[in-house]
Structures are given as structure tokens and as C-alpha cells.
Amino acid sequence: MKSLCGGRMSVPASAPIGPRRGGTPRSRALVVTIAIIVTLAVVVSGSAVVLLYSKIPVSSRQVLAVGHGRSSLAVPLMTMYTAPKIPNAQVESSANWSVASTRTGPSTTYLFQWSLLAHLSIPVRFVLNATTEDQNFGAFALGSTADGFAYYPAGTCSGGCNSTGKVFGASGAGIHDVLYQAWRMDYTVRRITDGIGPTQTSYLEVEFALSPQRMIGIVLPAANVTPPGPGDVLDASDILHLPAYGQVTTSSHGTHSPPDFFRNTVGTVAFDAGPEGTVTAQLTSRFRWSTVDDYVLSFRASKETWIRYLFDLRFGSLLIEYVPPLP
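Take the sequence shown: its letter number 325 is residue 319 in the working numbering, and every next letter is one higher.
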């Protein structure tokens, strides 16, 4: 027993008095955990608010048919020329145009494109609704450019087909013909309004279906094609000197380098768009020679001649010009 002195009890110096400062390690860990949970809750709730106000705007589309109709097109594909007649001489001349399609390689291809002649208050788009393919009259496909489409005069080659082709010819001196195809066109004009949130845009869509019917050869002028003028031709060879009865045959692949493309205006069509008015558009064609198509022109005369070959810049065909020109 410790003794009492002056009414005070003696307490060992090592005994702590009152609660410990800072708490135990377990209590401190609990406080840190609670703080982390509260912080995460605030961050997550803030993210939820951000996601709530950043959702993707609602999109919509309204389609209204405003017009429809049917039209016909005379589509020139190639001009066919033989050597002109020579007074008091005999001229033998023929032209052959060949087209083809292959399964894995190139095919004879025409590229067509619509362009507006009169602009409306809203934009206009042209969309091909490809028809059932008919190997007798060729095939259509979507083009690689806006408002354009492709046409394969020899059709397409698929399945067990390796290649398919056609040849068109003309024989006799003085021929100036055009080969054209009759196309029937059915169309529907729609007003389309696309909305993204509060923003709306409208345009007219001209959907058209084409049905090729027959190939026709006729003397120029025809099918919106005139005989070639000075601005429609380009030299395709040097001047050739031929003795009497000397024969020469030239291919489009054996001439001077042709232009990249041959261009022609097919014609103009007025599409009935109902209350939106009339969509007036022009159809143009582009063509270039490939390894599977050709144009061959032969010539022989009973007298000495000087000739040269020319390109028709609208179609790529060849024609013969005498040098100097005959009287």
C-alpha cells in the first residue's frame, strides 16, 4: 500500500490520464475509408448529371411523294463513220465497234450524270433504282459520283461467265450514222426532311428506274447528235499516203493517245415535282476506251489518196479525212 500525504494519493508517473490523442490505427483507417466513399459518391453523381445533359439528339425523317411520271430518252452511244466517197473512184470502207464485259477484268462502261439547269429553293438529288438486268440491252449500276450512274452495254458477266460481248458494224463509203439506245424512264420525286434535334434540312430526291429497249442505227443528225464540226474532232494519226488500191486498217488502240474521256450531252428532261415545281436536268455521258472494247476503221480506194484519222471527241469513234480535202 502506498501512503497518503496531505490528502493526495500518489499515482505512478507512467499511468496516462484521460483519453489518448489521435485515436487508434483502426479508427483512423475508418475515417479515411468514409472520406473516399463520400468523394466517389460526389464524382459519380456529377458524372450522372453530365451524361443526363449530353445524350445524343433525336433524329427524324419525313418523306412526302410530290410527283411522278414517265419519260423516254434517246441515248447516243457511238457514232459510226466510213470514208467519204471520192468522185470518179471506188471506195471500200467499213467500221466495226465492239464492246465486252468480263467476270474478273474490265468491262465497256459509260458514266452518266445529271446536272440541274435551273436551281430550285432546295437542293435536288438523283438516285438510280436499278432495274432488272437484260443481257440483250445491257445493265445499269450505281455510279461513283453524286447524281451519277454507270451503264454496261454488253451487260455484266458473273457466275459461270468469263466474258461476253457484242459487235456493231457499218459498211460502204460515206456512212455517217449514230447508234443510240431507247430508254424508258419511270421516276418519283419526294420531298425529304431530315431532323437532328431542333435542326431540319430538306431536299428533293428524284428516284428513277431505267429500262433499255433497243439499239437503233440512223443517219446523222439524230438523237441530239449532229455531224462533227471542227471543234468536235482531234487528230488521231499522221497523214498517210496510199497508192491506188492500197488498204489500211486502224484501231482506236493503234492511234495517237486518245483523250482521257469522251463527253457528250444526251438531252434534257423535265421532272414533275408537283407543288415544288419542275426539276429540269441535263444528262451527260462520259466514255473511255478500255482493253476489252475497240473501234476499227478500214479503207481502200481505186486511186492514190492522202488520208488521216480523226477522233470524234464526243464518243471516241474514228473518221477519215482526205488531205487536202476533196473539192
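Cβ coordinates follow ideal geometry from the N, Cα and C atoms, glycine included.
Legend entry - Where Phe309 falls: helix, strand or coil (DSSP): Taking the first residue of the sequence shown as 1, we reach residue 309 at position 315. Note: Phe309 maps to coil in three-state DSSP.
Legend entry - Nonlocal neighbours in the same chain, by C-beta distance under 7 Å from Tyr197, ignoring five residues either side: Walking along the sequence shown from the start, residue 197 turns up at place 203. Here the set comprises Ile116, Pro117, Val118, Arg119, Ile186.
Inset, instruction - Measure the C-alpha to C-alpha separation of Ile210 and Thr73 and round it to an integer number of angstroms. - result: Looking up residue 210 in the sequence shown gives position 216. Looking up residue 73 in the sequence shown gives position 79. The straight-line gap from Cα to Cα measures roughly 11 Å.
Inset, instruction - Quick one: residues in its chain with C-beta nearer than 7 Å to the C-beta of Ala112, no 5 flanking neighbours on either side, listed in chain order? - result: Taking the sequence shown and counting its residues from 1, the one referred to as residue 112 is at position 118. Excluding residues up to 5 positions away in sequence, Thr274 lie with their Cβ nearer than 7 Å to the Cβ of Ala112 in the same chain.
Inset, instruction - Could you give the DSSP three-state label for Asp226: helix, strand or coil? - result: Position 232 of the sequence shown, counting from 1, holds the residue named residue 226. Three-state result, Asp226: helix.
Inset, instruction - Could you tell me the boundaries of the beta strand (DSSP E) in which Lys160 lies? - result: Within the sequence shown, numbered from 1, the residue matching residue 160 stands at position 166. Going by DSSP, Lys160 is part of the beta strand (DSSP E) stretching over 157 to 165.
Inset, instruction - Tell me whether the beta-carbon of Arg280 lies closer than 7 Å to the beta-carbon of Arg257. - result: Counted from its first residue, the sequence shown places residue 280 at position 286. Counted from its first residue, the sequence shown places residue 257 at position 263. Yes, the Cβ-Cβ distance between Arg280 and Arg257 is below 7 Å.
Legend entry - Residue-level contact to chain D via CB, Leu228, 7 Å cutoff: Protein chains in the displayed structure number just one, and chain D is not present.
Legend entry - Sequence-distant residues of the same chain with beta carbon closer than 8 Å to Gly166, five excluded per side: In the sequence shown, residue 166 corresponds to position 172, counting from 1. When the five nearest sequence neighbours on each side are left out, the beta carbons in the same chain lying within less than 8 Å of the beta carbon of Gly166 are those of Thr76, Ser87, Ser88, in order along the chain.
Inset, instruction - Indicate the three-state DSSP secondary structure (helix, strand or coil) for His247 in the structure shown. - result: Taking the first residue of the sequence shown as position 1, residue 247 is located at position 253. It is helical.
Legend entry - At least 3 beta-carbon pairs within less than 8 Å: the stretch 300 to 314 vs the stretch 98 to 107: no
Inset, instruction - Would you tell me roughly how many angstroms separate the C-alpha atoms of Gln175 and Thr285, rounded to the nearest one? - result: Walking along the sequence shown from the start, residue 175 turns up at place 181. Walking along the sequence shown from the start, residue 285 turns up at place 291. Rounded to whole angstroms, Gln175 to Thr285 spans 23 Å at the Cα level.
Legend entry - When Thr278, Arg302, Asp288 are compared against Thr139, the one with the closest alpha-carbon: Looking up residue 139 in the sequence shown gives position 145. Ranking the options by Cα distance to Thr139, first place goes to Thr278.
Legend entry - Cβ contact check for the stretch 147 to 161 and the stretch 187 to 194: 3 or more pairs under 8 Å: no
Inset, instruction - Quick one: grab the DSSP three-state call for Glu298. - result: Stepping through the sequence shown from its first residue, residue 298 is reached at position 304. The answer is coil: DSSP assigns Glu298 none of H, G, I, E or B.
Inset, instruction - Would you check if there are 3 or more beta carbon pairs closer than 8 Å linking the stretch 288 to 301 to the stretch 236 to 250? - result: yes
Legend entry - Ser41 classed as buried or exposed, judged by whether at least 16 other C-beta atoms fall within 10 angstroms: Here residue 41 is taken as the residue at index 47 of the sequence shown, counted from 1. Because Ser41 sits at a pLDDT of 45, beneath the cut-off of 50, its placement in the model cannot be relied upon, and the following sentence gives the value as read from the coordinates. It counts as exposed.
Legend entry - Cβ-Cβ distance between Pro206 and Trp177 below 7 Å: As a working note, residue 206 is residue 212 in the sequence shown. As a working note, residue 177 is residue 183 in the sequence shown. Their beta carbons are under 7 Å apart, which means Pro206 touches Trp177 by this criterion.
Inset, instruction - Quick one: grab the DSSP three-state call for Pro147. - result: Residue 147 sits at position 153 when you count from the first residue of the sequence shown. Reduced to three states, the DSSP call for Pro147 is coil.
Inset, instruction - Return the first residue and the last residue of the beta strand (DSSP E) that Ala133 is part of. - result: The sequence position of residue 133 within the sequence shown is 139, counting from 1. That run of the beta strand (DSSP E) goes 133 to 136.
Inset, instruction - Compare the C-alpha of Val242 against each of Val161, Val290, Val213, Leu173 and name the closest. - result: Walking along the sequence shown from the start, residue 242 turns up at place 248. Ranking Val161, Val290, Val213, Leu173 by Cα distance to Val242 puts Val290 first.
Inset, instruction - Could you name the residues of the same chain whose beta carbon sits closer than 7 Å to that of Lys79, not counting the 5 residues immediately before and after it, in chain order? - result: Counting from one through the sequence shown, the residue named residue 79 turns up at place 85. The beta carbon of Lys79 is closer than 7 Å to those of Val85, Ala167, Gly168 in its chain, skipping five residues each way along the sequence.
Inset, instruction - Measure the Cβ-Cβ separation of Val263 and Ser66 and say whether it is below 7 Å. - result: Within the sequence shown, the letter at position 269 stands for residue 263. Within the sequence shown, the letter at position 72 stands for residue 66. In this structure, Ser66 does not lie closer than 7 Å to Val263 by Cβ.
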